[in-house]
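Trainee: I'd like to ask some things about the structure below.
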Amino acid sequence: MTARPSASLPRFPPEARLLIVNADDFGLHPEVNEAVIRSIEDGVAASCSLMTPCPGAAHAMALLRDRPEIPFGVHLTLVCEQPGRPWGPLAPRALIPSLLDAAGGFPSFEDAPGVLAHARLDEIEIEFRAQLRAVLDAGLEPSHLDWHCLADGGRPDVFELTLELADEHGLAVRAWLEPSRELLRARGLPTLDHDFLDSFALDVTGKAEAYARALRELPPGLSEWAVHPGLGGPASQAADPDGWRVRRGDHEFLTSPQARELLRQEGITVLGYGEIRRAWLGRR
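Using the working numbering, the first residue of the sequence shown is number 1, and each one after it goes up by one.
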């Protein structure tokens with residue numbers, strides 16, 4: 001199997017096994033932030049995605065300011081799945097009423113489909129611009145745009161809106177679902193050749209073995225892992241009772257000697273979204 005020519009990155013042959021390892025949820029809280037940085041600097045992750053409405057966003061942006069070499073995206077969010085430590089919109093609530101739940105905040109993951117079904121696109125744009133502006137006003141330059149808990153934005157028109165924002169700012173866009181990937185291929189933009197891996201879809205038990213198997217079976221072309229590293233300490237457990245084990249398992253594997261050795265043995269090249277952004281800029 002070889003990569004589709006339209007999706008190939010210019011400096012790699014079609015038979016290359018390429019893997020984006022992107023750490024999502026940067027900014028969630030400080031223990032996640034620390035784990036993300038360690039997973040990039042001491043591990044095999046290569047980029048990350050920042051959630052600007054979250055409690056740890058200022059800490060995350062300070063870490064990025066000290067590390068301009070780390071490519072990062074804006075993890076656009078309309079969802080808050082941690083009621084014990086909630087976050088809400090950056091835009092004034094009066095301007096985005098269709099995005100809010102009955103309590104005036106972002107909906108939970110379970111309630112998000114109903115809210116999103118009635119969300120106005122112009123209000124989504126206001127909030128997305130506010131989240132992107134928070135990064136730009138901090139003097140940071142992102143590499144790409146993606147979404148929290150909403151694959152490809154959750155709606156085709158939201159995906160198109162995000163593409164327009166990316167074009168405006170010279171950024172790439174993550175595309176996971178086949179209709180979105182086909183759209184990007186039709187425009188000559190590099191995108192994934194294969195289905196993505198979301199680390200929350202893996203069992204906590206045996207996760208290292210599952211990751212190792214996925215590396216051994218990785219096909220030629222461009223693949224992506226969306227990983228969610230966290231330290232799993234007391235603060236993480238209190239803030240994220242349903243997810244901290246997933247995050248700790250990700251961090252442990254990403255920073256393990258096994259991960260680096262498997263990549264070497266298999267001849268896999270790990271990429272971050274900085275590489276994808278450069279390819280997109282070359283095709284626009």
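Virtual Cβ for every residue (Gly too), placed ideally from N, Cα, C.
1) Taking the straight line between their C-alpha atoms, what separation do you get for G282 and Q237?
2) Can you tell me which of L9, L177, T77 and N33 puts its alpha carbon nearest to the alpha carbon of L197?
3) How long is the line joining the alpha carbons of A166 and L90, rounded to whole angstroms?
4) Are the CB atoms of F72 and S180 nearer to each other than 8 Å?
5) Should L9 go down as buried or exposed, given a rule of 16 or more other Cβ atoms within 10 Å for buried?
6) Run the CB neighbour count on H75, radius 10 Å, all protein chains shown included, and call it buried at 16 or more, exposed below.
7) Rounded to a whole number of angstroms, what is the C-alpha to C-alpha distance between R278 and P13?
8) If you follow the alpha helix (DSSP H) that L161 is in, where does it begin and where does it stop?
9) Quick one: which unbroken alpha helix (DSSP H) runs of 4-plus residues sit fully inside the stretch 46-108? Chain order, please.
10) On a CA-only basis, which of Q265, D137, L78 and E110 is nearest S98? Give me that one, please.
11) Determine, using beta-carbon pairs with one atom in the stretch 216-224 and one in the stretch 33-45, whether at least three such pairs fall under 8 Å.
12) What does a CB cutoff of less than 7 Å around P53 pick up in its chain, not counting 5 residues either side in sequence?
13) For the 8 Å Cβ check, are there 3 or more pairs between the stretch 203-218 and the stretch 251-259?
14) Whose CA, out of H148, L163, H59 and S223, lies closest to the CA of H194?
15) Within the continuous beta strand (DSSP E) that includes G221, where are the two ends?
Mentor: By the coordinates alone:
1) About 43 Å.
2) Checking every option, the nearest Cα to that of L197 belongs to L177.
3) C-alpha of A166 to C-alpha of L90: approximately 19 Å in a straight line.
4) The criterion of a C-beta distance shorter than 8 Å is not satisfied by F72 and S180.
5) The residue in question, L9, is buried, as its Cβ has 16 or more Cβ neighbours within 10 Å.
6) It counts as buried.
7) Going from the Cα of R278 to the Cα of P13 covers about 17 Å.
8) Counting along the chain, the unbroken alpha helix (DSSP H) around L161 starts and ends at P156 to H169.
9) Listed in chain order, the alpha helix (DSSP H) runs fully inside the stretch 46-108 are 57-65, counting runs of at least 4 residues.
10) Checked all of Q265, D137, L78 and E110; the closest Cα to S98 is L78.
11) By the C-beta criterion, the stretch 216-224 is judged not to be in contact with the stretch 33-45, since fewer than 3 inter-stretch pairs fall below 8 Å.
12) When the five nearest sequence neighbours on each side are left out, the beta carbons in the same chain lying within less than 7 Å of the beta carbon of P53 are those of T77, W87, G88, P89, L90 and Q131, in order along the chain.
13) The stretch 203-218 is in contact with the stretch 251-259.
14) Measuring from the Cα of H194, the nearest candidate turns out to be S223.
15) DSSP places G221 inside the beta strand (DSSP E), whose first and last residues are G221 to V227.
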